[in-house]
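Asker:
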Amino acid sequence: MRTRTIELFKKFISIDYPITSEMLSEEFQISARTIRNEIQEINEFLTQRQFPLISTVRSKGFIINATQDQKQLIHNALLGVPTSSILSKDERQFDLLLSIAFSASPTILSHKESIFFVSKSVLDEDIRKLKARLKKYDIELSSQPKSGMQFVGLERSIRLMMYEAINQFAGNLEFDKPLNELSLIQQLLFNYIPQSLICDLLKLAHQTISQIHDEIYIQQLVVFTAIWVIRNQQQHHLTMIRTDFNNNDLGEIAKFIHLVCRHVALQVNRQEQQYIIYMLEAFNTKDINNYIEWVNAQLLAIKLVNYVEEKTQIPFSTKQEQLYENLCKHLAGLIARVSNNIHIINPLLDNIKQNYGAIYSVIAMFMQELETTLTHKVSDDEIAFLTIHFSTFASAINQERSYYFKAVVFCDHGIATSNLLAETLKEFFNIDVLAILGRNDQNLLAQLDFDLIFSTFPLPHLAHPVLVLEPILKEKNHPIITDFLAKHRANQRVVNNLVDATDLFYSLVDLIQQSGGIVSAPIYNQLEKCLAINNLKINKRKIQPMLKDILTDNDIILQQDSSNWQQAIKIAAEPLLKKQFILPSYIDAMITSVEQYGPYIVIGKNLALAHARPEDGVNQLGVSVVTLRHPVDFGNSEMGPVKIIFCLAAIDSFSHLNIMRSLIELINDEQKLESLTMCHSVQQFKNILFNEPNSD
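4 is the number of the first residue of the sequence shown in my numbering; add one for each residue after it.
Have a look at this one:
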């Protein structure tokens, strides 16, 4: 039986609902006619062993009507079936790449002819396609009688090329299955990169790296590390030395690499260690490590949310705090990956494009507008990851607030995808998702009160009804879920969300009368207390001050002289220092960051945003501003010399959001910016900045 036929067979065993030939054709990239032929071959196998056959459900698709016990017996029988050893074109090309990159023995083409059972002309065509693939990485292919086929090019390019090839051909790797249960393409991979090495690296990563919490990124990081290990074991080292590898030797990534070297008994020089730490840091999706990433990720997140909201008319601002924080974390890693030309593969790309196409297209348009400022193009896979974040909140915005089933979701495709699956179930069905669990969390079920289970992988027999679903739900999947819920209607529960707000209503009326229409500090405190009495809590993260609320007259300094940019930053920060909003160490940190990372704080034409991290010495949220009589040069030729400097003292990642939005608006209004630099009175400056009528 062909490998693909076995994969199709396993698909039917793993699902409990009908699936159409169109859906199967899309997944396996073969015609509907081929699907029917292979189903016929599968049914012959089932008939010989007296198992239930794959049958057609009218208007719904194909399904195997077998019990879980029967499916297990079928699966066991399938393990003993010999598979065809004839490789497809893609499988041959993948094997050639792996062999040249990782094999300890020379890759001789004449040997490959006999292994592949193909003619010399067929193999010559494979090599032609291989050379075309290598061209975009500036890698050539050489062949010598004794040493065989070899890659000729920069070692870092060869590693990157192999990383992308593994992701393209092998897709989402399965580490916990026996070799004979894996697809042929993954078996080929593990012939050259031992499955045991991948599993060991995965364990070490989980032990040491807490900052990367998404399983997809952990797996990608492990694959990249495995490539680095094997290439170094075979004495393929970096040949060109870079001086910008300046990493934290005490960080989690560094600890992971030290453990890896010890585990595989690998000795590498400091340059190799700094390289792999630097590259793996680009996989970071949780923490923002330096000043450049901090400000760039924040500015980019605000612009992206505004753009997507404007184009889709979905009110993401109602969920802006959590969405903003998630995006900041993701975009910091994205910026690092794009700058290093690291390509993270999203195994759900096609599904996301198909089912969340409107949001995907808008994000893609936004990224196209950014291409002039980025060193490399943002990949479709990265756009799909961003789409997951937005789609999750779009589902949360649209979903109904009353639920009839308590459910648990099992998903092994990463946190963002798990959340998207849960929010989609809640949006389109009367389901309250109680918990999102991973493959190894089944022991937690005993502690939860729930009615149903939705899972992206088969689960052993459980007391509760289980429905196995695709990780990205399609509209054509909805009838399957509807039928499942109808079948288990007896499990539903009614939740009464009605709250008697009469007392709250009269309390607010009294407060309005007391205030006389003015919300003073005492009235504000009484409002907060009134809501608390009625068991309602204010999310203070959403109550963000505006620039107008923070920037006082004493924070505005006009027409100052400065001999250099360092002195200009000190002048801009002086009002905050006087009010003890910041410590002297914060000014030092702002200057040091520019010295270390360059003029990244110049964020608009003639405008700089001086800042450092909150932990560098911020006591209270504050903003100050200085205009300069003579502009100072920060070294950013594109934005020109700086005429106006805002100094931002942020205490966290969200309270200054509205301030950042005001600055972005100012960046886009060069005429207003020029007018501000010409002001000689504080009142005039405020009138222009806040669009107020001139009261002079």
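The beta-carbon is built from N, C-alpha and C at its ideal position, and this holds for glycine as well.
Would you decide whether Glu668 is buried or exposed? Buried here means 16 or more other CB atoms lie within 10 Å of its CB.
Answerer: exposed
Asker: Buried or exposed: Met370, going by 16 or more other Cβ atoms within 10 Å of its Cβ?
Answerer: buried
Asker: Tell me the rounded alpha-carbon separation between Asn343 and Met282.
Answerer: 8 Å
Asker: Quick one, are the C-beta atoms of Glu167 and Leu241 less than 7 Å apart?
Answerer: no
Asker: Tell me the rounded alpha-carbon separation between Ile45 and Val263.
Answerer: 44 Å
Asker: Three-state secondary structure (DSSP) at Glu143?
Answerer: strand
Asker: From this set, Glu30, Gln53, Asn68, which residue's C-alpha is nearest Val60's C-alpha?
Answerer: Asn68
Asker: Residues bridged to Gln43 by DSSP?
Answerer: Per DSSP, none; premise fails for Gln43.
Asker: By Cβ distance below 6 Å, which residues in the same chain neighbour Ala397 in space, the five residues on each side in sequence not counted?
Answerer: For Ala397, where only same-chain residues beyond five positions count, the Cβ hits under 6 Å are Ile317.
Asker: Taking 6 Å as the limit between beta carbons, can you name the residues of its chain near Glu403, skipping five residues before and five after?
Answerer: Confidence is the limiting factor: at Glu403 the pLDDT is only 44, short of 50, which leaves the residue's position unreliable, though a coordinate-based value still follows. Excluding sequence neighbours, Glu403 sits near nothing in its chain.
Asker: Roughly how many whole angstroms lie between the Cα atoms of Gly601 and Leu133?
Answerer: 41 Å
Asker: Report yes if the C-beta distance between Ala361 and Leu334 is below 7 Å; otherwise report no.
Answerer: no
Asker: Three-state secondary structure (DSSP) at Lys74?
Answerer: helix
Asker: Looking at C-alpha atoms only, which residue of Asn272, Phe457, Met593 is the closest neighbour of Glu618?
Answerer: Met593
Asker: Output the distance between the C-alpha atoms of Phe12 and Arg5, rounded to the nearest integer angstrom.
Answerer: 11 Å
Asker: Kindly indicate the opening and closing residues of the alpha helix (DSSP H) around Leu561.
Answerer: Where Leu561 is concerned, there is no enclosing alpha helix (DSSP H), although the beta strand (DSSP E) it sits in stretches over 559-563.
Asker: Using the three-state DSSP reduction, which class does Gly151 fall into: helix, strand or coil?
Answerer: strand
Asker: Taking C-beta to C-beta, are Pro474 and Leu455 nearer than 7 Å?
Answerer: Taking 7 Å as the Cβ cut-off, Pro474 and Leu455 do not qualify as a contacting pair.
Asker: Measure from the C-beta of Pro197 to each C-beta in chain E and report whether the shortest distance is under 7 Å.
Answerer: Given the protein chain composition of this structure (a single chain), no chain E is represented.
Asker: Which residue comes first and which comes last in the alpha helix (DSSP H) that contains Phe12?
Answerer: 6-17
Asker: Pick helix, strand or coil for Gly83, following the three-state DSSP scheme.
Answerer: In this structure, Gly83 counts as coil in the three-state DSSP scheme.
Asker: Mapping the DSSP letters down to three states, classify Asn500 as helix, strand or coil.
Answerer: Only weak support is given to the placement of Asn500: the predicted model assigns it a pLDDT of 48, under 50, and the value that follows is read from those uncertain coordinates. In the structure shown, Asn500 sits in coil (DSSP, three-state: anything other than H, G, I, E or B).
Asker: Taking 8 Å as the threshold, find out whether the segment 339-355 comes into contact with the segment 304-314 through three or more Cβ pairs.
Answerer: no
Asker: Using the beta-carbon count (16 or more within 10 Å), is Pro578 buried or exposed?
Answerer: buried
Asker: When the Cα of Lys306 is compared with those of Pro696, Leu666, Asn694, Ala173, which residue comes out closest?
Answerer: Among Pro696, Leu666, Asn694, Ala173, the Cα nearest to that of Lys306 is on Leu666.
Asker: Measure from the alpha carbon of Val645 to the alpha carbon of each residue in Gly254, Leu90, Lys138, Trp568, then state which is nearest.
Answerer: Trp568
Asker: Go to Gly2, then tell me how far its beta strand (DSSP E) extends in each direction, as first and last residue.
Answerer: With the chain running from 4 to 699 in the structure shown, residue 2 is simply not present.
Asker: In angstroms, rounded to a whole number, what distance separates the CA positions of Lys206 and Leu200?
Answerer: 10 Å
Asker: Helix or strand or just coil, what does DSSP make of Gly64?
Answerer: When secondary structure is reduced to three states using DSSP, Gly64 falls in the strand class.
Asker: Looking at the unbroken alpha helix (DSSP H) that takes in Arg162, where does it start and where does it end?
Answerer: 158-173
Asker: What distance in whole Å lies between the Cβ atoms of Gly620 and Leu586, which are believed to be in contact at a cut-off of 8 Å?
Answerer: With 8 Å as the limit, Leu586 and Gly620 qualify as a contact, their Cβ atoms being about 4 Å apart.
Asker: Using only CA atoms, which one of Gln517, Val626, Ser150, Ile483 lies nearest to Asp556?
Answerer: Val626
Asker: Would you list, in sequence order, the uninterrupted alpha helix (DSSP H) runs of no fewer than 4 residues that lie entirely inside the segment 372-441?
Answerer: 383-401, 418-431
Asker: On the CB-based measure, 16 or more other CB atoms within 10 Å of its CB, does Gln238 come out buried or exposed?
Answerer: exposed
Asker: Please state the DSSP three-state secondary structure of Cys533.
Answerer: helix
Asker: Looking at Cys414 and Thr459, is the spacing between their C-beta atoms short of 7 Å?
Answerer: yes
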